Structure formats: structure tokens, C-alpha cells
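Data block below; observations after.
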Amino acid sequence: MISVYRSGTSILHRLPPGLKLIGFIGLSLLIAATTTHLLEVVSASTFVMTGYALAGLGVRALASQVLSVRWVVIFMLVPQLLFLPALDAVTNTARVVLILALAALFTMTTRIPDLLDAAERAASPLRRVGIRPESVALLLALSITSIPVIAGFAATVRDAQRARGIPAHRVSFAVPLLIMSLKHADDLADAVSSRGIEQ
Amino acid sequence: MFKQSAWDVRDTTRVAAFAALIAVLGLPGALPVFGGAVPITLQTLGVMLAGTILGPWRGAAAVLTFEALVLVGLPLLSGGRGGAGVFVGPSAGYLIGWIFGVFVIGIIAFAGSGRPHWWRTAAACITGGILVVYAFGIPLQALVTRLPLAETALTSTVFLPGDVVKAVLATAITLTLWRAYPRAFSRRLTQRQPVRTDVAA
Numbered sequence: 022m023i024s025v026y027r028s029g030t031s032i033l034h035r036l037p038p039g040l041k042l043i044g045f046i047g048l049s050l051l052i053a054a055t056t057t058h059l060l061e062v063v064s065a066s067t068f069v070m071t072g073y074a075l076a077g078l079g080v081r082a083l084a085s086q087v088l089s090v091r092w093v094v095i096f097m098l099v100p101q102l103l104f105l106p107a108l109d110a111v112t113n114t115a116r117v118v119l120i121l122a123l124a125a126l127f128t129m130t131t132r133i134p135d136l137l138d139a140a141e142r143a144a145s146p147l148r149r150v151g152i153r154p155e156s157v158a159l160l161l162a163l164s165i166t167s168i169p170v171i172a173g174f175a176a177t178v179r180d181a182q183r184a185r186g187i188p189a190h191r192v193s194f195a196v197p198l199l200i201m202s203l204k205h206a207d208d209l210a211d212a213v214s215s216r217g218i219e220q
Numbered sequence: 151m152f153k154q155s156a157w158d159v160r161d162t163t164r165v166a167a168f169a170a171l172i173a174v175l176g177l178p179g180a181l182p183v184f185g186g187a188v189p190i191t192l193q194t195l196g197v198m199l200a201g202t203i204l205g206p207w208r209g210a211a212a213v214l215t216f217e218a219l220v221l222v223g224l225p226l227l228s229g230g231r232g233g234a235g236v237f238v239g240p241s242a243g244y245l246i247g248w249i250f251g252v253f254v255i256g257i258i259a260f261a262g263s264g265r266p267h268w269w270r271t272a273a274a275c276i277t278g279g280i281l282v283v284y285a286f287g288i289p290l291q292a293l294v295t296r297l298p299l300a301e302t303a304l305t306s307t308v309f310l311p312g313d314v315v316k317a318v319l320a321t322a323i324t325l326t327l328w329r330a331y332p333r334a335f336s337r338r339l340t341q342r343q344p345v346r347t348d349v350a351a
């Protein structure tokens with residue numbers, strides 16, 4: 022779901038990232054607050070599709086984003102169908118999928134360095150309390166890049182335990198995962214220090 | 151320009167790794183209760199561990215970083231939720247409670263010196279990870295869902311068994327980690343090695 026940037030020259034690509042982020046937050050809030058009926062779902066999906074068209078991203082890009090959240094759809098839809106009327110369950114799921122598709126549109130049209138620059142500017146008032154804005158940007162960038170790495174560690178630990186026939190036990194799963202993650206953090210620290218990036 | 155603080159690159163990367171770890175713990179399907187309005191998740195376990203391993207300030211920084219990524223729009227909360235919407239939804243108070251909760255966990259868990267003790271770690275996870283989080287979560291949930299406070303508190307008791315299990319797990323994991331990899335506990339590491347060796351010398 023954390024999709025890569027798709028290069029382009031559309032109006033969505035050229036919007037300043039800070040403004041785009043505020044707009045995106047506002048639109049997510051609007052969809053989250055208002056989309057409760059079928060008609061609103063239809064109009065919100067039309068809106069999201071228009072956004073994809075504006076960005077020069079076709080139906081295929083939208084479909085691949087929706088496909089990539091299929092587990093979210095299943096995990097949301099099945100329990101909701103048990104507790105709620107079918108229409109409400111579908112509407113609730115559609116609302117989440119729409120917001121996720123909008124989030125993906127934001128991610129696909131915004132380069133992460135631009136976003137981090139915007140975060141750095143937004144964090145500049147923190148200088149007064151002794152926090153350097155550059156450290157905030159570095160922290161956010163390192164966190165984003167660590168997510169796929171640590172997800173890989175989790176898969177490694179799971180596979181290793183499965184290969185040895187150990188049932189998924191949470192303590193024996195979490196401890197190796199924590200050790201691998203903290204070692205990765207220390208490797209990152211060495212890499213950052215060796216590049217002379219000051220803290 | 152060097153900052154006059156104990157914070158160094160290693161702390162930044164550990165905070166980043168923990169923020170990513172909390173995100174990864176939300177990746178498998180959460181256990182939704184009441185149609186997924188406020189899902190039960192392993193992410194609370196990650197929050198508790200951030201407190202018991204990183205301590206109050208670094209733990210709170212890890213949770214804040216994770217929530218900043220959620221706010222920016224990455225769908226990292228369990229069940230693939232993310233974006234500003236979750237900060238106005240029924241679970242908003244729990245997200246705010248995490249930040250204060252992890253701080254309290256760190257303060258209690260790191261109150262003594264030396265190795266972590268099971269009773270102090272367990273007390274930290276229950277106080278910070280359950281009481282503080284609920285103290286923020288339940289009133290805000292009542293506000294968002296328009297359900298009276300008492301009823302909201304009653305419905306929230308369905309999370310209590312899961313949260314107690316997670317506090318027990320967090321305690322067991324913290325003590326096992328101490329035996330397996332004491333370097334994980336950054337504050338205790340700096341206490342044992344007060345002088346950093348200079349490689350360039």
C-alpha cells in the first residue's frame with residue numbers, strides 16, 4: 022500500500038506538498054464524516070476517480086491500489102456483515118477503501134523528499150525547545166524506510182519458526198524480531214554517522 | 151553544532167526502528183470488536199514495549215513518530231487505517247492516550263536501577279498501557295460516538311482481557327529480551343559505558 026512515487030507533471034504533482042497534505046487531510050475528514058449512504062459513496066468514488074484522472078493515473082493504477090488493500094477489505098467486511106446490515110457493512114468498507122485510495126493518490130503524486138522538506142519546515146518552530154528540524158525529517162525518513170525492512174524481519178522469524186515446527190508463540194516471535202530491529206537501528210546509526218550527518 | 155543533550159544518532163535510529171516496529175505489528179489482521187470500530191491490535195503491545203525498552207522520552211518519541219506517519223496518511227494502524235480521519239474517529243482518544251501511556255510506562259519501568267524487575271515492568275504496563283490509555287480513550291470515544299460515558303466504559307471492558315494479556319506478554323518479552331540482548335536497553339547501556347571510545351583516535 023505504501024506505493025512508490027509515479028513521476029508526472031500534472032497539477033496534483035505540482036501542488037506544494039504542504040498545501041496538498043492539508044487538502045488531503047481535509048478531504049479524508051470530509052469523506053470520513055459524510056460518507057454514510059450509498060449515494061455519498063458513489064459521489065465520493067467519482068471524486069477519487071477524478072483525482073486519479075487529474076494526476077494522469079489510469080483505472081489500472083486505481084485498481085492496483087484497491088487490490089493491494091484486499092486484506093483490509095476482507096478483515097473489515099466479514100465482521101461488519103455479522104453485526105450490521107449488509108448495506109451498512111458495504112458502505113463502511115467502501116468509505117475506508119476510498120480514503121485509502123485517496124491516501125495512495127497523495128503518496129503517488131508526492132515525492133517523499135518533498136514531503137520531508139515540508140515536515141522540516143513545519144517542525145521549525147520546535148527549534149525554540151531545542152529540537153532540530155533536520156532531526157525530525159531524518160527520524161520520519163528513517164521510520165518510513167524501516168517499515169519494509171522490519172516487515173521482512175517478521176517474515177523471516179515466522180518462516181524460521183515454521184521450518185522448525187515451532188507454533189506461533191508471541192514471546193518467542195517478538196524477542197528475535199526486537200533484537201533484529203534494534204540491531205538494524207544500530208546499523209542505521211553507524212551508516213548515518215559515517216556519512217557525517219550531525220544530530 | 152552539537153546539541154547539549156544525551157540524545158545521539160543511535161537514539162534517533164532506535165526511535166525510528168520502534169516506530170516502524172509498531173507499524174509492522176499492525177500489519178496482520180487485527181481482531182475487530184463491534185464491527186471494527188475500535189479494533190484490538192498487537193500495536194498496543196508495541197507501545198508497551200517502547201516504554202519498557204526505550205524509556206519514557208524515547209518511547210514517547212517512537213509513538214509520536216508512528217502517529218505522525220499515520221497522520222501524514224500512511225495506512226499503518228491495524229486494519230490498514232490511517233490518515234487524519236483516525237484522529238477524529240472513535241479511537242482518537244486511545245491514540246492520544248498511547249503517547250501519555252508510553253511515557254508513564256517508561257517512568258515506572260525505569261524507576262529502579264539496573265536490570266528490569268518483573269513486578270515493576272508489569273505495574274508499568276498495567277498503569278501506563280491500560281489505565282492511562284483508557285483515561286484518554288473512553289471519554290473521547292463517548293464524545294465521538296455520542297454514547298454516555300458509563301455505557302462507553304462498559305463496552306470498553308471487552309478490551310480489558312486482551313490488554314491484560316498484552317501487559318503480561320510485554321512483561322515476559324521485556325524480561326526475556328534483557329537476558330537475550332541487554333544492549334537493547336539503551337539507558338542501562340549508557341550507564342555501564344559512560345565514556346564512548348573515540349574510533350578516530
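Chains as they are written, first to last, in this note's numbering: chain A, 22 to 220; chain B, 151 to 351.
All C-beta atoms in this analysis are idealised placements derived from N, C-alpha and C, irrespective of residue type, glycine included.
The model shown is predicted, which means the values in this text are computed figures rather than measured ones.
- The shortest C-alpha to C-alpha distance from residue 203(A) to any of 266(B), 174(B), 164(B) is the one to 164(B).
- C-alpha of residue 269(B) to C-alpha of residue 324(B): approximately 12 Å in a straight line.
- Note on residue 329(B): under 16 other CB atoms within 10 angstroms of its CB, so exposed under the neighbour-count rule.
- Distance from the CA of residue 130(A) to the CA of residue 299(B), rounded to the nearest whole angstrom, comes to 42 Å.
- Shown here, residue 78(A) sits in coil according to DSSP, grouped into three states, outside any helix or strand.
- For residue 176(A), the closest alpha carbon among the candidates 161(A), 134(A), 198(A) is that of 198(A).
- The beta carbon of residue 66(A) lies closer than 7 Å to those of 119 in the same chain, with the five residues before and after it left out.
- Of all residues in the segment 186 to 210 of chain A, only 191, 192, 193, 195, 196, 197, 198, 199, 200, 202, 203, 204, 205, 206, 207, 208, 209, 210 place a beta-carbon less than 9 Å from a beta-carbon of chain B.
- Residues 276, 280 of the same chain have their beta carbon placed closer than 8 Å to that of residue 314(B), with the five preceding and five following residues left out of the count.
- Contacts with chain B at 8 Å (Cβ-Cβ) include residue 167(A).
- Residue 87(A) places its beta carbon less than 8 Å from that of residue 122(A).
- Around residue 192(B), the same chain offers 175 as residues with beta carbons nearer than 6 Å, after the five sequence neighbours per side are excluded.
- A Cβ of chain B is located within less than 8 Å of the beta carbon of residue 124(A).
- With a cut-off of 8 Å on Cβ pairs, the segment 213 to 220 of chain B is in contact with the segment 237 to 256 of chain B, counting three or more such pairs.
- Judged by pairs of C-beta atoms under 8 Å, the segment 162 to 172 of chain A touches the segment 166 to 173 of chain B, as three or more such pairs exist.
- Under the DSSP assignment, residue 334(B) falls outside any alpha helix (DSSP H); it carries neither an H nor an E label.
- What residue 331(B) touches in chain A, judged by beta-carbon distance under 9 Å, is 196, 199, 200, 203, 204, going in chain order.
- Contacts between residue 31(A) and chain B, judged by CB atoms closer than 9 Å, are missing: the closest CB pair is about 18 Å apart.
- Under a criterion of Cβ atoms nearer than 7 Å, the residues of chain B adjacent to residue 159(A) are, in order, 162.
- Identification of residues in the segment 143 to 157 of chain A having a C-beta nearer than 8 Å to some C-beta of chain B yields 151, 153, 156, given in sequence order.
- Under a criterion of Cβ atoms nearer than 8 Å, no residue of chain A is adjacent to residue 227(B); the nearest Cβ is some 11 Å distant.
- Residue 327(B) has a beta carbon lying within less than 8 Å of a beta carbon in chain A.
- If you ignore the 5 residues before and after residue 302(B), its C-beta comes within less than 6 Å of the C-beta of 288, 291, 292, all in its own chain and listed in chain order.
- Excluding sequence positions up to five before and after residue 45(A), its CB lies within less than 7 Å of the CB of 123, 127, all in the same chain and listed in chain order.
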